[in-house]
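What follows is a single structure, written as structure tokens, with notes after it.
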Amino acid sequence: MDYKLSEIKPREIIPGYHGRLIHGKNMSLAFWEVEAGAEVPEHAHMHEQIMQVQQGQFEFTVGGNTRIYGPGELVVIPSEVPHSGKALTPCKLMDIFSPVRDEYK
């Protein structure tokens, strides 16, 4: 299946996080446009996650360790590890989840 990112309607999954979501058989891909100051509260899930900052500055806490990530930086979040984040500026992020995030369908 082919997609054109600009033709996928964004969905606001949590306040300030607008995602264009694509799902395969075993993974989900999310392209986020995040408003400055928007926060993801601490949570954990069964999915392994890889997050990349494409634009902006994003403060991310994984397993109790906090760091500020900028463009081109990635972080791997293992399954069931608590994590949270906050956009320090307007951000563009990309997340990959495995297995599929059914709740994002």
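The UniProt record's numbering puts the first residue of the sequence shown at 1, with every later residue one more than the last.
The C-beta atom is built at its ideal place from N, Cα and C for all residues, glycine as well.
Under the three-state reduction of DSSP, which class applies to residue i: helix, strand or coil?
i: LEU74; result: strand
i: LEU5; result: helix
i: residue 114; result: Since the displayed the chain opens at 1 and closes at 105, residue 114 lies outside it and no answer follows.
i: LEU88; result: coil
i: GLU39; result: strand
i: GLN57; result: coil
i: ASN65; result: strand
Would you mind sorting residue i into buried or exposed? The rule is 16 or more other CB atoms within 10 Å of its CB.
i: GLU7; result: exposed
i: residue 111; result: Because the chain spans 1 through 105 in this model, residue 111 falls outside it and cannot be assessed.
i: LEU29; result: buried
i: ALA38; result: buried
Residue range of the beta strand (DSSP E) that residue i falls in?
i: HIS18; result: 17 to 23
i: ALA30; result: 28 to 34
### Query
Is there contact between the stretch 2 to 21 and the stretch 57 to 72, where contact requires at least three CB pairs shorter than 8 angstroms?
Verdict: no, contact absent.
### Message
Tell me whether the stretch 36 to 50 and the stretch 73 to 91 touch, counting them as touching only if at least three CB pairs, one residue from each stretch, are closer than 8 angstroms.
### Response
The stretch 36 to 50 makes contact with the stretch 73 to 91; the number of CB pairs closer than 8 angstroms reaches 3 or more.
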